[in-house]
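*Asks:*
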C-alpha cells in the first residue's frame, strides 16, 4: 500500500461545512446527523501546526472506533449505522475521506474534557508545581515530573475553541457547568 498524501483540510462540497476544529472537519448531513472527518492536522498545546502527518487521521479514526466499540456497554456514544457511500455518493469525495470519516448523531457536546491522569506530566505538572494539586486534587509533596501517581485522578478541563487554550478546572467547576448529577456521572465513568 502506498503512502497517501496528507489531508490538511477536507473538501466535501456536497455537504455543508459546519466547523473546522483543530484536527477534525465537521459537516451537516441532515437535521439529525453529521459527518466527522479526522484530518492529518497536528494540534499541540492548543495550536494547529502547519505540517500534517500523512495517514494520521485514519489512525486516529481507527483508535477512536476501537474505543467506542469497547466502551459501548459502559456509556452510549454518538456513532450511527450509516454507510459512507449513502452519505457521500460521489466516489471522489468518498475516496478523500475513506477510513477517516464517521457518521454520528447530532448531540450537544459537554463543555468540559474528561481527563484521567495516571502520571504527573504536562499541564498537570505545572499545576502541581504551583499549588501542590492538579485541578484541586491535592497530591503528596515531593512528586517528580513524569512520576506515576499513587492512583489515577480525574482532572477536567474546559473545551476551548481554536486558538484558545483548554484550562484545567476543579471538579467543583464541572458541577457548576454540568450540574451535580451529570458532573458526578462523567467523573465516575471516566475513572471506571
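In this note's numbering, the protein residues as written are -18 to 173. Beta carbons are placed, not taken as given, at the ideal position from N, Cα and C, and that holds for glycine.
1) Express the C-alpha separation of residue 138 and residue 210 in angstroms, rounding to a whole number.
2) Does the stretch 6 to 22 come within contact of the stretch 82 to 89, defined as at least 3 CB pairs closer than 8 Å?
3) Determine which residues share a DSSP beta bridge with residue 12 and list them.
4) Does the stretch 125 to 133 come within contact of the stretch 93 to 108, defined as at least 3 CB pairs closer than 8 Å?
5) When burial is assigned at 16 or more other CB atoms within 10 Å of the CB, is residue 167 buried or exposed?
6) Are the CB atoms of residue 74 and residue 17 within a distance shorter than 8 Å?
7) My guess is that residue 186 and residue -9 are in contact by the Cβ rule of under 8 Å, so how many angstroms apart are they, rounded?
8) Please state whether DSSP places residue -10 in a helix, a strand or coil.
9) Starting from the C-beta of residue 38, find all residues in its chain whose C-beta is less than 7 Å away, skip the five residues before and the five after it, and write them out in chain order.
10) Since residue 94 sits in a beta bridge, which residues does DSSP pair it with?
*Replies:* Taking the structure as given:
1) Given a span of -18 to 173 for the chain in the structure shown, any question on residue 210 remains unanswerable.
2) At 8 Å Cβ cutoff, the stretches touch.
3) Translated into the one-based positions of the chain shown, residue 12 becomes position 31. Bridge partners of residue 12: none, in fact.
4) The stretch 125 to 133 vs the stretch 93 to 108: in contact.
5) As a first step, residue 167 is located in the chain shown; it is residue number 186 there, counting from the start. It counts as buried.
6) On the chain shown, position 36 is the one that residue 17 refers to. On the chain shown, position 93 is the one that residue 74 refers to. Going by C-beta atoms, residue 17 is not nearer than 8 Å to residue 74.
7) Residue 186 falls outside the range modelled here, since the chain spans only -18 to 173, and no answer is possible.
8) Here residue -10 corresponds to residue number 9 of the chain shown, with the count starting at 1. If DSSP states are grouped into helix, strand and coil, residue -10 belongs with coil.
9) Translated into positions along the chain shown, residue 38 becomes position 57. Once the five neighbours on either side are set aside, the close Cβ partners of residue 38 are -12, 19, 20, 21 and 81.
10) Counting from one through the chain shown, the residue named residue 94 turns up at place 113. In DSSP, residue 94 forms a bridge with 138.
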